[in-house]
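Everything on this sheet refers to the single structure shown next.
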Amino acid sequence: MTSLDLAVERADRRAWLGLLVVLGPVALVAMDGSVLYLAMPGITSAITPSTDQALWILDIYGFVVSSLLIAFGNLGDRYGRLRFLLGGAAVFGAGSVGAAFSPNAEALIACRALMGLGGATLLPSGLAIISSLFHDPRQRSRAIGIFAATFAAGFAVGPVLGGLLLSRFDWGVVFLINIPVVVLFLAFAPVLLTEVRTTRPGRVDALSVVLSAVGILLTVHSVKSAAAEGFSPTQAVTGVVGLAVLVWFVRRQLTLEYPLLDLRLFKDHVFTVAILTGLLSLVAWAAAGYLTGVYLQSVLGYGVLAAALLVLPGAAVLTVACVRASAVVERIGMRSALIASHFFMGTGLLLLLLTTTEHGVAAFIASSVVTGVGYGFSFSLVADTAVAAVPAERAGSAASLAEMSNELGNALGISLLGSLAALCFRLTGPGVAGTLDETLDAPALTAGTVAEAKDAFLTGLHVAIGAASLLCLALGVLALRWVPKEPKAQAGKVPGPR
Numbered sequence: 010m011t012s013l014d015l016a017v018e019r020a021d022r023r024a025w026l027g028l029l030v031v032l033g034p035v036a037l038v039a040m041d042g043s044v045l046y047l048a049m050p051g052i053t054s055a056i057t058p059s060t061d062q063a064l065w066i067l068d069i070y071g072f073v074v075s076s077l078l079i080a081f082g083n084l085g086d087r088y089g090r091l092r093f094l095l096g097g098a099a100v101f102g103a104g105s106v107g108a109a110f111s112p113n114a115e116a117l118i119a120c121r122a123l124m125g126l127g128g129a130t131l132l133p134s135g136l137a138i139i140s141s142l143f144h145d146p147r148q149r150s151r152a153i154g155i156f157a158a159t160f161a162a163g164f165a166v167g168p169v170l171g172g173l174l175l176s177r178f179d180w181g182v183v184f185l186i187n188i189p190v191v192v193l194f195l196a197f198a199p200v201l202l203t204e205v206r207t208t209r210p211g212r213v214d215a216l217s218v219v220l221s222a223v224g225i226l227l228t229v230h231s232v233k234s235a236a237a238e239g240f241s242p243t244q245a246v247t248g249v250v251g252l253a254v255l256v257w258f259v260r261r262q263l264t265l266e267y268p269l270l271d272l273r274l275f276k277d278h279v280f281t282v283a284i285l286t287g288l289l290s291l292v293a294w295a296a297a298g299y300l301t302g303v304y305l306q307s308v309l310g311y312g313v314l315a316a317a318l319l320v321l322p323g324a325a326v327l328t329v330a331c332v333r334a335s336a337v338v339e340r341i342g343m344r345s346a347l348i349a350s351h352f353f354m355g356t357g358l359l360l361l362l363l364t365t366t367e368h369g370v371a372a373f374i375a376s377s378v379v380t381g382v383g384y385g386f387s388f389s390l391v392a393d394t395a396v397a398a399v400p401a402e403r404a405g406s407a408a409s410l411a412e413m414s415n416e417l418g419n420a421l422g423i424s425l426l427g428s429l430a431a432l433c434f435r436l437t438g439p440g441v442a443g444t445l446d447e448t449l450d451a452p453a454l455t456a457g458t459v460a461e462a463k464d465a466f467l468t469g470l471h472v473a474i475g476a477a478s479l480l481c482l483a484l485g486v487l488a489l490r491w492v493p494k495e496p497k498a499q500a501g502k503v504p505g506p507r
């Protein structure tokens with residue numbers, strides 16, 4: 010073996026070790042979108058958050074990430090991806106420690122927001138660094154596929170890992186599991202990874218960052234308040250102001266030479282379908298994950314560990330579907346695979362309508378397996394479909410929008426559909442408290458009150474999941490109309506790495 014061959018071998022080994030190091034934070038960011046689902050009953054009992062606070066605990070992380078994802082991606086290009094990655098990991102770790110020992114709901118929400126601030130740097134910077142590690146196109150394609158599979162697997166196994174730990178430890182453990190990964194990353198990343206920096210025109214528009222974050226938070230807070238407490242003048246004003254800020258944000262993006270969010274990309278129908286797929290797949294996944302976690306524990310009475318084990322079949326299918334998505338595309342084409350993802354998700358969600366207050370495990374497992382195929386395809390195909398639909402010089406903006414759609418969908422699923430389920434519970438429940446877990450923790454409940462509360466929660470679950478299913482199926486029909494058929498010569502080709 011020549012010295013050149015040895016050098017190439019060492020470079021390859023270093024690249025794969027670098028990939029392994031980056032995958033740790035990527036898995037943490039993905040897991041954090043789901044690890045709290047099974048912990049929420051324990052958190053509710055320990056620090057007694059209100060209905061509104063409980064939803065904020067779940068989704069403030071996703072809103073902070075989605076609001077800052079594009080801005081941090083642009084800043085990372087200018088000041089260094091590795092620098093942002095290291096700083097983000099440190100902030101994420103600090104937020105995790107604070108969350109684990111939070112004495113009340115307000116502190117936990119603040120620490121979750123801090124974790125979101127760190128998480129917003131990890132996804133775009135991690136993908137850029139991975140792409141720079143591999144010079145061979147085939148190796149780079151494999152590495153990006155592993156990145157996507159890790160992200161999907163993190164979403165899937167979060168509840169499982171959380172359930173295993175919660176069966177032995179207090180709820181704070183779901184945050185403390187982040188610390189060893191963060192420490193290892195901070196120790197090895199400076200050794201194995203190199204700085205990535207590119208020159209991008211223009212500057213980050215600070216006002217756009219503020220408008221997007223404030224508009225999203227005010228609008229969703231209004232929706233959540235209406236679901237939990239009913240309509241009020243304060244809630245209505247908050248919603249109107251939030252919508253006005255979002256309209257201001259959109260109008261500003263259309264006038265900027267270098268917008269934070271390039272809305273002109275949505276003129277392309279294929280790009281629009283891809284972004285909506287990324288958004289709605291996570292809306293459905295997050296809402297179903299949160300609501301079924303409460304259903305398995307608080308309605309059917311399963312312990313945390315048993316509920317976690319019931320998630321395993323769907324988690325396994327989702328991961329395999331994500332890894333094998335490229336092979337499916339080679340056989341049936343990108344268009345068919347993308348359309349199939351919507352109908353797998355929509356049909357699988359409909360199976361949850363078969364659940365009752367006494368039986369539902371079989372329906373839950375069947376639903377998670379069927380939807381797992383759709384989620385896996387969606388997670389793998391959205392970014393490539395979005396990037397392939399736009400000119401090469403706008404590929405970076407398209408990739409950022411695809412990543413943002415996933416994070417925003419994860420947050421919207423819990424806040425909007427979770428609020429819809431909460432509204433149904435408030436309107437049809439016994440009126441003891443705003444959520445099922447709070448009601449079941451109340452003293453001196455009669456059997457009739459418990460049954461009424463469980464029936465009300467199941468009604469809310471069915472309404473929210475039914476809405477999610479209809480959205481997925483409607484987008485599948487839209488994709489049939491808007492996504493053009495591929496030429497036979499290209500139908501089996503997989504888009505190259507970005």
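In this note's numbering, each residue carries its 1-based index in the sequence shown increased by 9. The C-beta atom is built at its ideal place from N, Cα and C for all residues, glycine as well.
Three-state secondary structure assigned by DSSP to residue 113: Coil at residue 113, not helix or strand.
Helix, strand or coil at residue 21 according to DSSP, with G and I counted as helix: When secondary structure is reduced to three states using DSSP, residue 21 falls in the helix class.
Using 8 Å as the cut-off, can you tell me whether the segment 319-327 makes contact with the segment 446-457, which would need three or more C-beta pairs spanning the two stretches below that distance? When Cβ pairs closer than 8 Å are counted between the two stretches, the segment 319-327 is seen not to touch the segment 446-457, the count staying below three.
Do you know offhand how far residue 187's Cα is from residue 104's? Between the alpha carbons of residue 187 and residue 104 lies a gap of roughly 10 Å.
Are residue 119 and residue 107 close, meaning C-beta to C-beta below 9 Å? A distance below 9 Å separates the beta carbons of residue 119 and residue 107.
Check whether the segment 421-433 touches the segment 387-403, taking contact to mean three or more Cβ pairs, one atom from each stretch, closer than 8 Å. With a cut-off of 8 Å, the segment 387-403 and the segment 421-433 do not count as touching, because too few Cβ pairs lie within range.
Starting from residue 178, trace the alpha helix (DSSP H) both ways and give me its first and last residue. Here residue 178 belongs to no alpha helix (DSSP H), and DSSP marks it neither H nor E.
So, with DSSP's three-state summary, where would you put residue 429? Look at residue 429 here: in three-state DSSP terms it is helix.
Sorted by chain position, which residues of the same chain lie with C-beta nearer than 7 Å to residue 143's C-beta, five sequence neighbours on each side aside? The answer, listed in chain order, is 24, 149 and 152.
Considering only the alpha carbon of each residue, which of 418, 197, 44 and 331 lies closest to residue 184? Nearest of 418, 197, 44 and 331 to residue 184, Cα basis: 44.
How is the alpha helix (DSSP H) around residue 144 delimited, first residue to last? Counting along the chain, no alpha helix (DSSP H) covers residue 144, and no H or E run does either.
Beta carbon of residue 41 nearer than 9 Å to that of residue 128: Inclusion of residue 41 and residue 128 in the CB contact set at 9 Å is warranted, their separation being smaller than that value.
Just how far apart, CA to CA, sit residue 290 and residue 112? Cα to Cα, residue 290 sits roughly 34 Å from residue 112.
When burial is assigned at 16 or more other CB atoms within 10 Å of the CB, is residue 233 buried or exposed? Residue 233 should be labelled buried.
Any idea what DSSP makes of residue 471, helix, strand or coil? Secondary structure at residue 471: helix, using DSSP grouped into helix, strand and coil.
Under the three-state reduction of DSSP, which class applies to residue 118: helix, strand or coil? In the structure shown, residue 118 sits in a helix (DSSP, three-state: H, G or I).
Taking 8 Å as the threshold, find out whether the segment 356-368 comes into contact with the segment 247-265 through three or more Cβ pairs. No contact exists between the segment 356-368 and the segment 247-265.
Start and end of the alpha helix (DSSP H) containing residue 261? Where residue 261 is concerned, the enclosing alpha helix (DSSP H) starts and stops at 242-262.
Helix, strand or coil at residue 351 according to DSSP, with G and I counted as helix: The answer is helix: DSSP assigns residue 351 an H, G or I state.
In three-state terms, what does DSSP make of residue 265? Coil.
Please classify residue 490: does DSSP put it in a helix, a strand, or coil? If DSSP states are grouped into helix, strand and coil, residue 490 belongs with the helices.
Let's test the definition: count the other Cβ atoms within 10 Å of the Cβ of residue 501 and tell me whether it reaches 16, buried, or not, exposed. The pLDDT assigned to residue 501 is 47, lower than 50, so where the model puts this residue is not dependable, and the model offers no usable value.
Evaluate residue 230 with the Cβ neighbour count: other Cβ atoms within 10 Å of its Cβ, from every protein chain shown; 16 or more gives buried, anything less gives exposed. Classification of residue 230: buried, given that the 10 Å Cβ count is 16 or more.
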